[in-house]
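A.B. asks:
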């Protein structure tokens, strides 16, 4: 019973400071970034009040997502710094409670926040980013023209199964042309049975026409031969017009992890470098998990001998946050340049943080 009361007390203290941290860091990011961009949209494009409100609301999830790890670090540093400076940690230890047991509520909260942040990053942030882009591009900037895009992917799905998949290396908005086109058709078993490759495809106002390509009919059995036919022109069976194609494409930050994995698989079949997308995919997990990593680091570092624990804790959190995000930026750059495998490069800050936190917890427990 005594431990249960103690757990609730520490958990509540860390949680309340965590909520304060989210508000504080969000206010900083909004004041330094979001409000500046909104002011720019008003002066440059004459954005309406309704559009400004939408931009502000849809921009919040992406901002809040980045504050979870920071707030968790600040919460553990300040809470355990205060407990230490008030000699409450000493009193708990004198009652025979180990430091590991004292730290457990904060670590549990860090784990809960990490799992919640992963779900938030999967189901809320991509949707909000898409809504933000649509408001900015169509309502504020008033764009009605199309824009060129790389890696165009179009899917035709029926009853949950992929029927047809089209990939283009580039869509040229000026010429309304798809370049480096590949069309794959799938059989009932989900395997590719028909492939068409073309140098490019033009929109003639009603349909897409491929030029200078090859058709492959892939046999289901190994003892059957495969057929290859070359063509000069061939109709590309895609119902979407150029405007629809552009609107159907998503930026990386607008995709869920499931969509990112599907994009990676498709691009690998076309021998396209997927390092940037893989880095984005792994960061969808590593950044939320930083909340748990920061809890591991923040709890032992919060044991400040000085009475000025709040100011010292805040200063220390800024230093640690800067170091972590510097490592994260470096890891992302290493992944995109293929200097390191994306999985290792993106996980590097968390691995270093996990080792550091484990050593600090072990040292504090002694």
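Residue numbers (UniProt numbering): 1 to 366.
We put the beta carbon where it would ideally sit given N, CA and C, even for glycine.
1. Whose CA, out of 265, 69, 56, 92, lies closest to the CA of residue 9?
2. Give me the Cα-Cα distance between residue 236 and residue 47, rounded to the nearest whole angstrom.
3. Would you kindly check if the distance between the Cβ of residue 254 and the Cβ of residue 129 is under 8 Å?
4. Tell me which residue opens and which closes the beta strand (DSSP E) that residue 156 is part of.
5. Does the distance from the C-beta atom of residue 187 to that of residue 197 stay below 8 Å?
6. For residue 212, name the three-state secondary structure that DSSP assigns.
7. Cβ atoms of residue 252 and residue 278: under 8 Å apart, would you say?
8. Tell me the residue span of the alpha helix (DSSP H) that contains residue 83.
9. Label residue 318 either buried or exposed according to how many other C-beta atoms from any shown protein chain fall within 10 Å of its C-beta, with 16 as the threshold for buried.
10. Among the residues of its own chain, which have a CB less than 6 Å from the CB of residue 184, if the five just before and after it don't count?
11. Please list the terminal residues of the continuous alpha helix (DSSP H) segment that includes residue 369.
12. I'd like the list of long-range same chain contacts for residue 336, defined as Cβ closer than 7 Å, with 5 residues on each side in sequence excluded.
13. What are the start and end residues of the alpha helix (DSSP H) that includes residue 229?
14. What does DSSP give as the partner residue(s) for residue 201 in the beta ladder?
15. Determine, using beta carbons only, whether residue 28 comes closer than 8 Å to chain D.
16. Taking only three categories from DSSP, how would you classify residue 192?
17. Taking only the alpha-carbon atoms, compute the straight-line gap between residue 45 and residue 59 and give it to the nearest angstrom.
18. Can you tell me whether residue 14 is buried or exposed? The criterion is at least 16 other CB atoms within 10 Å of its CB, across all chains shown.
19. Between the segment 62-71 and the segment 14-30, are three or more C-beta pairs nearer than 8 Å?
20. Go to residue 129, then tell me how far its alpha helix (DSSP H) extends in each direction, as first and last residue.
21. Taking the alpha helix (DSSP H) that residue 161 falls in, what are its first and last residues?
22. Which value, in whole angstroms, describes the spacing of the CA atoms of residue 84 and residue 326?
23. Kindly list the residues whose CB is nearer than 8 Å to the CB of residue 350, restricted to its own chain and excluding five residues on each side of it in sequence; keep chain order.
24. Mind checking residue 331: buried by the 16 CB within 10 Å criterion, or exposed?
25. Taking C-alpha atoms, which residue in 341, 95, 150, 5 lies nearest to residue 248?
26. Hey, how far is the Cα of residue 109 from the Cα of residue 74?
27. Can you give the beta carbon distance from residue 171 to residue 245, rounded, assuming they're within the 8 Å contact cut?
28. By DSSP's criteria, residue 184 is part of a beta bridge. Which residues make up the other side?
29. Straight-line CA distance for residue 362 to residue 352?
C.D. replies: Considering the structure as presented:
1. Walking along the chain shown from the start, residue 9 turns up at place 9. Considering only 265, 69, 56, 92, the residue with the shortest C-alpha distance to residue 9 is 92.
2. In the chain shown, counting from the first residue as 1, residue 236 sits at position 236. In the chain shown, counting from the first residue as 1, residue 47 sits at position 47. Each residue's CA atom was taken as its position, placing residue 236 and residue 47 some 40 Å apart.
3. If you number the chain shown from 1, residue 129 lands on position 129. If you number the chain shown from 1, residue 254 lands on position 254. It is a contact, given that the beta carbons lie within the stated cut-off.
4. Within the chain shown, numbered from 1, the residue matching residue 156 stands at position 156. Segment 149-158, the beta strand (DSSP E) holding residue 156.
5. Here the question's residue 187 lines up with position 187 in the chain shown. Here the question's residue 197 lines up with position 197 in the chain shown. Contact flag unset, no.
6. Numbered from 1 along the chain shown, position 212 holds the residue referred to as residue 212. DSSP places residue 212 within a strand segment (E or B) once states are collapsed to three.
7. The sequence position of residue 278 within the chain shown is 278, counting from 1. The sequence position of residue 252 within the chain shown is 252, counting from 1. Result no, Cβ atoms of residue 278 and residue 252 do not sit closer than 8 Å.
8. Locating residue 83 in the chain shown gives position 83, where the first residue counts as 1. Secondary structure note for residue 83: its alpha helix (DSSP H) is the uninterrupted segment 49-85.
9. Position 318 of the chain shown, counted from the start, is the residue given in the question as residue 318. Exposed, by the Cβ-count rule.
10. Against the chain shown, residue 184 aligns to sequence position 184. Closer than 6 Å at the Cβ level, and outside the excluded window around residue 184, lie 165, 192, 195.
11. Given that the chain is displayed from residue 1 to residue 366, the structure contains no residue 369 and the question cannot be resolved.
12. Locating residue 336 in the chain shown gives position 336, counting from the first residue. Closer than 7 Å at Cβ, skipping near neighbours: 275, 276, 279.
13. As a working note, residue 229 is residue 229 in the chain shown. Counted as a single uninterrupted DSSP element, the stretch harbouring residue 229 is not any alpha helix (DSSP H) but the beta strand (DSSP E) occupying residues 227-236.
14. Position 201 of the chain shown, counting from 1, holds the residue named residue 201. According to DSSP, which records beta bridges pairwise, residue 201 is partnered with 178, 210.
15. Annotation note: the requested chain D is absent from the structure, which comprises a single protein chain.
16. Working through the chain shown from its first residue, we reach residue 192 at position 192. DSSP places residue 192 in strand when its eight states are reduced to three.
17. Against the chain shown, residue 45 aligns to sequence position 45. Against the chain shown, residue 59 aligns to sequence position 59. Approximately 18 Å between the Cα atoms of the pair.
18. The residue given as residue 14 occupies position 14 in the chain shown. Classification for residue 14: buried.
19. Contact between the segment 62-71 and the segment 14-30 is present: 3 or more CB-CB pairs across the two stretches fall below 8 Å.
20. Translated into positions along the chain shown, residue 129 becomes position 129. Taken as a continuous stretch (DSSP letters only), the alpha helix (DSSP H) holding residue 129 covers 125-134.
21. Locating residue 161 in the chain shown gives position 161, counting from the first residue. Taken as a continuous stretch (DSSP letters only), residue 161 belongs to no alpha helix (DSSP H), being part of the beta strand (DSSP E) at 161-172.
22. Counting from one through the chain shown, the residue named residue 84 turns up at place 84. Counting from one through the chain shown, the residue named residue 326 turns up at place 326. Whole-angstrom Cα-Cα distance: 30 Å.
23. Counting from one through the chain shown, the residue named residue 350 turns up at place 350. Taken in chain order, the residues that qualify are 286, 289, 290, 293.
24. Start at 1 with the first residue of the chain shown, and residue 331 comes out as number 331. Taking all protein chains shown into account, residue 331 has 16 or more neighbouring C-beta atoms within 10 Å of its C-beta and is therefore buried.
25. For the purposes of this step, residue 248 is taken as residue 248 along the chain shown, with counting starting at 1. The shortest C-alpha separation from residue 248 is found at 150.
26. Walking along the chain shown from the start, residue 109 turns up at place 109. Walking along the chain shown from the start, residue 74 turns up at place 74. The straight-line gap separating the alpha-carbon atoms of residue 109 and residue 74 is approximately 13 Å.
27. Position 171 of the chain shown, counted from the first residue, corresponds to residue 171. Position 245 of the chain shown, counted from the first residue, corresponds to residue 245. Contact holds; Cβ gap of about 6 Å.
28. On the chain shown, position 184 is the one that residue 184 refers to. Residue 184 pairs with 165, 195.
29. Residue numbering aside, residue 362 sits at position 362 when the chain shown is read from its first letter. Residue numbering aside, residue 352 sits at position 352 when the chain shown is read from its first letter. For residue 362 and residue 352, the distance between alpha carbons rounds to 16 Å.
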